[in-house]
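Just so you know, we're using this note's numbering here: the sequence shown kicks off at 80 and counts up by one.
Below: the structure, in structure tokens.
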Amino acid sequence: MTDQAVDVSGRAAVRDTGRTDGQFFGRQRELKSLRADIERAGLDTMAGRKGKRPRVLLIAGRPGSGRTSLADELARGLTDGYPDGVLRARLTLPGGERVPTGDTARELLGALALVAPPGEDEDELAERVREALSVRRLLLLLDDAADADQVDPLLPDAADCLVVATATGPLTGVPDVRPCTLGGLDTGAGVELLGRFTGKVRITCDPRSAEALVEECGGQPAALVLVGGWLAARPKESVADVAKQLRELPGDDSWLPRETAAAPPAAGAGEDAEEPGEVRRAVPVEQPSAPRPLVRAFRFVYESLPAPAARILRFLALAPAGLADAHTASALAGCSVSAAQSTLDDFVALGLLRQFGPQYEVPGALAPLLRALMEDRDRPAEIQLARARMLERTVRLLQSCRAVTESEGSPARKRLAGLPRSLRFPNAPAAAEWLRTRGTALLASARVAVEDGDLDTLARRLVAALVRALIAHRGAEDAAAELYGLHQLVLSVAERRDLPREKAAALLNLADLDARTGRTQEALTRYRAALEAGRAANDLFAISRAMESVGGAYQELGDWQRASDWYGRALAQRQNRGELTDEARLYGRLGTVLTYAGRYGEALRNWRAAAAGHRRLGDLAGQARVLSEAARVQEYAGRPEESLRTCREAVEWARQASDVRLQAALEIRLADTLDRLGDPAAARLHRGSAERLLVDPASAYEIRSESAKD
Numbered sequence: 080m081t082d083q084a085v086d087v088s089g090r091a092a093v094r095d096t097g098r099t100d101g102q103f104f105g106r107q108r109e110l111k112s113l114r115a116d117i118e119r120a121g122l123d124t125m126a127g128r129k130g131k132r133p134r135v136l137l138i139a140g141r142p143g144s145g146r147t148s149l150a151d152e153l154a155r156g157l158t159d160g161y162p163d164g165v166l167r168a169r170l171t172l173p174g175g176e177r178v179p180t181g182d183t184a185r186e187l188l189g190a191l192a193l194v195a196p197p198g199e200d201e202d203e204l205a206e207r208v209r210e211a212l213s214v215r216r217l218l219l220l221l222d223d224a225a226d227a228d229q230v231d232p233l234l235p236d237a238a239d240c241l242v243v244a245t246a247t248g249p250l251t252g253v254p255d256v257r258p259c260t261l262g263g264l265d266t267g268a269g270v271e272l273l274g275r276f277t278g279k280v281r282i283t284c285d286p287r288s289a290e291a292l293v294e295e296c297g298g299q300p301a302a303l304v305l306v307g308g309w310l311a312a313r314p315k316e317s318v319a320d321v322a323k324q325l326r327e328l329p330g331d332d333s334w335l336p337r338e339t340a341a342a343p344p345a346a347g348a349g350e351d352a353e354e355p356g357e358v359r360r361a362v363p364v365e366q367p368s369a370p371r372p373l374v375r376a377f378r379f380v381y382e383s384l385p386a387p388a389a390r391i392l393r394f395l396a397l398a399p400a401g402l403a404d405a406h407t408a409s410a411l412a413g414c415s416v417s418a419a420q421s422t423l424d425d426f427v428a429l430g431l432l433r434q435f436g437p438q439y440e441v442p443g444a445l446a447p448l449l450r451a452l453m454e455d456r457d458r459p460a461e462i463q464l465a466r467a468r469m470l471e472r473t474v475r476l477l478q479s480c481r482a483v484t485e486s487e488g489s490p491a492r493k494r495l496a497g498l499p500r501s502l503r504f505p506n507a508p509a510a511a512e513w514l515r516t517r518g519t520a521l522l523a524s525a526r527v528a529v530e531d532g533d534l535d536t537l538a539r540r541l542v543a544a545l546v547r548a549l550i551a552h553r554g555a556e557d558a559a560a561e562l563y564g565l566h567q568l569v570l571s572v573a574e575r576r577d578l579p580r581e582k583a584a585a586l587l588n589l590a591d592l593d594a595r596t597g598r599t600q601e602a603l604t605r606y607r608a609a610l611e612a613g614r615a616a617n618d619l620f621a622i623s624r625a626m627e628s629v630g631g632a633y634q635e636l637g638d639w640q641r642a643s644d645w646y647g648r649a650l651a652q653r654q655n656r657g658e659l660t661d662e663a664r665l666y667g668r669l670g671t672v673l674t675y676a677g678r679y680g681e682a683l684r685n686w687r688a689a690a691a692g693h694r695r696l697g698d699l700a701g702q703a704r705v706l707s708e709a710a711r712v713q714e715y716a717g718r719p720e721e722s723l724r725t726c727r728e729a730v731e732w733a734r735q736a737s738d739v740r741l742q743a744a745l746e747i748r749l750a751d752t753l754d755r756l757g758d759p760a761a762a763r764l765h766r767g768s769a770e771r772l773l774v775d776p777a778s779a780y781e782i783r784s785e786s787a788k789d
């Protein structure tokens, strides 16, 4: 048997490794050639220069040719030479959509345990990836690249890494790439693959028919997996009958989807293939569509399905990012969860889906076929209804996911108890695990819903539920990158539907994330846009919030005059609405910027006003903190005696508030002030009081400030 290979582990629940033990075989010639290419001199070396970029190996082949399995096997054999491990990323979704470079870069950084600030553009994220890879020695596997523009930005300026890319066509634009084009399996390898499904007896009884079946499948691994799965599910069917049925399928293109009907078979992939097993060094011709033998095998298996199962399979073309679970299939088809689960398992056995954990993935080679069938066999209204059911089910699951984190007896938990059992999570850890494993599909679902444009109400509900679930389980800081993208989706819907209130909210959320990551100028622009949107909606809360945030941005930029002006406008808004808490906070923010500006008299008046506001609210600890800041301003203004009295007043309010830590901090500040006034003895008394407060907080209520005795 010549050296050929295929990985049939797509039928097993092991997506991260791409195989199950003992199921990869052959392709030794290709593996040997690829390994030799790693050591072969590149263009820089032949020119007498040291290579500045990593070697790039390209495994090219049509969908279903086993290119990803070969790349995984190559990576497994090279792990010893790359101590920092193997880093993987998928560059094209099963539906054929390109993964943006920014998303890929963020995924790679996450795999390296590196955090990228939310909102960074593609160039910044790609630069972070290149910097991270330049100090590591690892193997980067980029699966299903659409073109060189997806690969080149991620290549580091260092030669210690190795990049293995899979693609349908050439990567023109990547320098010194080494392409290896895969053809179909030879007859012996194809027969061995069939034997993995049918057992050796059925092959041994009729080897000629097995060889004919391999020939009808064009040696395509994916086609053989489909036919082999069908035979495994029907142990009484003969291999000869299947070969005959495939041969008798109509030879015209009437059944084929439009995007595959006119595509000629690629070299090594169909009837006109070169000698099987040959490793060609020519750059492959780009062929984005499925090869004809695969389409024929898919048709054979599809037409054997019962009508309900065939309908479920077609609607899986709507699964976001090609990922589904029993709930997704149930909602799409309008059947029970248990029926959907059983059908999905049957699809895995037939090679129509891959399974990993509770999720199922539509193979990229089959996704365009499913979509074409769905658009041909199902009415647009039915497709839209299926999509709406899927989104509604996702919204309810996300609401349940968030509700389980709340305390018993809360309104959310009471509503949760009224949901069907299949929509409830047993506990918060189970909900968090579901959110983690379904994260990619959930984010893709939100993007697809927004891009669709016809289900904006559902899309808005979905995004809102996903935001709340992420914050409940991961916190705003940890989920900042995902939240940034979701707020952008809300903004796009609000602009499309002319919803100024939602637009203002989305802009404020995005600007907050920009400000948190140091992009103050970008945040300022968005805060101003939020102010305009709030005015258009007559949303007084958004107007006040935007004004205060504009002031905060100017404060961060060091423009004290503009900061105080905008804080003053926000303060007037809060005063008109009688919002005492916000009013007290804004007086404090005004006091801060006026202090920075050196306008101590105005700053002191605002700090005193803030203290009065906290006193009216009954917030004794807040009053103590504000008075402490007022004492600081008095000291800056050269009025140490007044500063000392104000600081003692702050200590007393902290004591009455029973805030031990605050009282101790103020005692230390009071001691520092006394030192500057030349009274070290009194300063020591206050420091001792602070130490006793911190060492024994339980006795704090019995401690009386030494300042009261002075």
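C-beta atoms are modelled at their ideal positions from N, C-alpha and C, and glycine is treated no differently.
### Task
Could you name each continuous beta strand (DSSP E) segment of 3 residues or more that falls completely within the stretch 127-201, going from the start of the chain to the end?
134-139, 165-169
### Query
Which of helix, strand or coil does DSSP assign to GLN434?
Translated into the one-based positions of the sequence shown, residue 434 becomes position 355. Correct three-state label for GLN434: strand.
### Task
Determine the direct distance from the alpha carbon of ARG466 to that of GLN640, and round the result to whole angstroms.
Working through the sequence shown from its first residue, we reach residue 640 at position 561. Working through the sequence shown from its first residue, we reach residue 466 at position 387. Near 53 Å, if we compare the C-alpha coordinates of ARG466 and GLN640.
### Message
Rounded to whole angstroms, what is the Cα-Cα separation between PHE426 and ALA520?
### Response
Mapped onto the sequence shown, residue 426 falls at position 347. Mapped onto the sequence shown, residue 520 falls at position 441. Distance between the alpha carbons of PHE426 and ALA520: 19 Å.
### Query
If you follow the beta strand (DSSP E) that ALA642 is part of, which residue opens it and which one closes it?
By 1-based counting over the sequence shown, the position of residue 642 is 563. From DSSP, ALA642 is part of no beta strand (DSSP E) but of the alpha helix (DSSP H) over 639-656.
### Task
For LYS279, count neighbouring C-beta atoms within 10 Å of its own C-beta (all shown protein chains included) and say buried if the count is 16 or more, exposed if not.
Position 200 of the sequence shown, counted from the first residue, corresponds to residue 279. Exposed.
### Message
Taking 8 Å as the cut-off, does the stretch 532-545 touch the stretch 575-587 (at least 3 CB pairs, one atom from each stretch)?
### Response
yes
### Task
Report yes or no: do the stretch 453-470 and the stretch 184-203 share at least 3 C-beta pairs separated by less than 8 Å?
no
### Task
Report yes if the C-beta distance between CYS259 and ALA446 is below 8 Å; otherwise report no.
Taking the sequence shown and counting its residues from 1, one reaches residue 259 at position 180. Taking the sequence shown and counting its residues from 1, one reaches residue 446 at position 367. Taking 8 Å as the Cβ cut-off, CYS259 and ALA446 do not qualify as a contacting pair.
### Query
What span of residues does the beta strand (DSSP E) with ALA246 cover, start to end?
For the purposes of this step, residue 246 is taken as the residue at position 167 of the sequence shown. 241-246 is the extent of the beta strand (DSSP E) around ALA246.
### Message
Here's a check: name, in chain order, each residue in its chain whose Cβ is nearer than 6 Å to the Cβ of CYS480, leaving out the five neighbours to either side.
### Response
As a first step, residue 480 is located in the sequence shown; it is residue number 401 there, counting from the start. Same-chain partners within the cutoff: ALA510, LEU514, ALA548.
### Query
Among all the DSSP beta bridges, which residues are the ones paired with PRO258?
As a first step, residue 258 is located in the sequence shown; it is residue number 179 there, counting from the start. Note: PRO258 sits in a beta bridge opposite LEU137.
### Query
With DSSP run on the structure shown, which of helix, strand or coil describes PHE103?
Walking along the sequence shown from the start, residue 103 turns up at place 24. Reduced to three states, the DSSP call for PHE103 is strand.
### Close Cβ partners of ARG803 (< 6 Å) along its chain, the five nearest in sequence each way excluded
Nothing about residue 803 can be read from this structure; the chain reaches only from 80 to 789.
### Message
I'd like the span of the alpha helix (DSSP H) that includes LEU233, first residue to last.
### Response
Looking up residue 233 in the sequence shown gives position 154. First-last for LEU233: undefined, no H or E at that position.
### Task
Use the C-beta contact count for ARG500: other C-beta atoms within 10 angstroms, 16 or more gives buried, fewer gives exposed.
On the sequence shown, residue 500 is found 421 positions in, with the first residue counted as 1. Flag for ARG500 reads exposed.
### Query
Does the beta-carbon distance from SER628 to TYR606 come in below 8 Å?
In the sequence shown, residue 628 corresponds to position 549, counting from 1. In the sequence shown, residue 606 corresponds to position 527, counting from 1. Result yes, Cβ atoms of SER628 and TYR606 sit closer than 8 Å.
#### Entry: Those residues which DSSP pairs with LEU212 across a bridge
Position 133 of the sequence shown holds residue 212. LEU212 is not bridged to any residue.
### Task
Can you tell me which of THR180, GLU721, GLU574 puts its alpha carbon nearest to the alpha carbon of LEU204?
Translated into the one-based positions of the sequence shown, residue 204 becomes position 125. Checking every option, the nearest Cα to that of LEU204 belongs to THR180.
### Task
Look up LEU305 in the DSSP assignment and say whether it is helix, strand or coil.
Within the sequence shown, the letter at position 226 stands for residue 305. Of the three classes helix, strand and coil, the one that applies to LEU305 here is helix, per DSSP.
### Query
If we count Cβ pairs, one from each stretch, closer than 8 Å, do we get three or more for the stretch 267-275 versus the stretch 148-161?
no
### Query
What is the rounded straight-line gap between the Cα of VAL208 and the Cα of ALA710?
Against the sequence shown, residue 208 aligns to sequence position 129. Against the sequence shown, residue 710 aligns to sequence position 631. Going by the C-alpha atoms only, they are around 49 Å apart.
### Query
Rounded to a whole number of angstroms, what is the C-alpha to C-alpha distance between VAL546 and LEU562?
Taking the sequence shown and counting its residues from 1, one reaches residue 546 at position 467. Taking the sequence shown and counting its residues from 1, one reaches residue 562 at position 483. Rounded to whole angstroms, VAL546 to LEU562 spans 6 Å at the Cα level.
### Task
Compare the beta carbon distance of LEU328 and VAL318 with 8 Å and say whether it is the shorter of the two.
Locating residue 328 in the sequence shown gives position 249, counting from the first residue. Locating residue 318 in the sequence shown gives position 239, counting from the first residue. In this structure, VAL318 does not lie closer than 8 Å to LEU328 by Cβ.
### For TYR439, the residue or residues it bridges with in DSSP
Here the question's residue 439 lines up with position 360 in the sequence shown. For TYR439, which the question treats as bridged, DSSP gives the partners ALA403, GLN434.
### Query
Since TYR679 contacts ALA729 with CB under 8 Å, what's their CB separation in whole angstroms?
Indexing the sequence shown from 1 puts residue 679 at position 600. Indexing the sequence shown from 1 puts residue 729 at position 650. Their Cβ separation, rounded to whole angstroms, is 18 Å, which puts TYR679 and ALA729 out of contact at 8 Å.
### Query
Apart from the five residues just before and just after ALA412, which ones in its own chain have a Cβ nearer than 7 Å to its Cβ?
Against the sequence shown, residue 412 aligns to sequence position 333. Correct list, in chain order: ARG390, ILE391, PHE394, ALA419.
### Task
Return yes when at least one heavy atom of the ligand MG lies under 7 Å from the C-beta of ARG146, else no.
The ligand MG is not among the ligands present in this structure, which contains no ligands whatsoever.
### Query
Where do the ends of the alpha helix (DSSP H) carrying ALA709 lie?
For the purposes of this step, residue 709 is taken as the residue at position 630 of the sequence shown. ALA709 -> alpha helix (DSSP H) spans 699-715.
### Backbone secondary structure at ALA864 - three-state DSSP
In the structure displayed, the chain extends from 80 to 789; residue 864 sits before or after that span and is not available.
#### Entry: ASP457, DSSP secondary structure in three states
On the sequence shown, position 378 is the one that residue 457 refers to. Coil, per DSSP.
### Task
Buried or exposed for GLN654, please, with buried defined as at least 16 other CB atoms from any protein chain shown within 10 angstroms of its CB.
Taking the sequence shown and counting its residues from 1, one reaches residue 654 at position 575. GLN654 comes out exposed.
### Query
Roughly how far, in whole angstroms, is the beta-carbon of LEU305 from the beta-carbon of LEU219, given that I think they are within contact range, below 8 Å?
Position 226 of the sequence shown, counted from the start, is the residue given in the question as residue 305. Position 140 of the sequence shown, counted from the start, is the residue given in the question as residue 219. Wrong, their Cβ atoms sit about 31 Å apart, outside the cutoff.
### Message
What would DSSP say about ALA225, mapped onto helix, strand or coil?
### Response
The residue given as residue 225 occupies position 146 in the sequence shown. The answer is coil: DSSP assigns ALA225 none of H, G, I, E or B.
### Query
Going by the CB atoms, is the gap between ALA559 and LEU592 shorter than 8 Å?
Counting from 1 along the sequence shown, the entry for residue 592 is found at position 513. Counting from 1 along the sequence shown, the entry for residue 559 is found at position 480. In this structure, ALA559 lies closer than 8 Å to LEU592 by Cβ.
### Task
Can you have a look at ALA750 and say buried or exposed, based on whether 16 or more other CB atoms are within 10 angstroms of its CB?
For the purposes of this step, residue 750 is identified with residue 671 of the sequence shown, where counting begins at 1. So ALA750 counts as buried.
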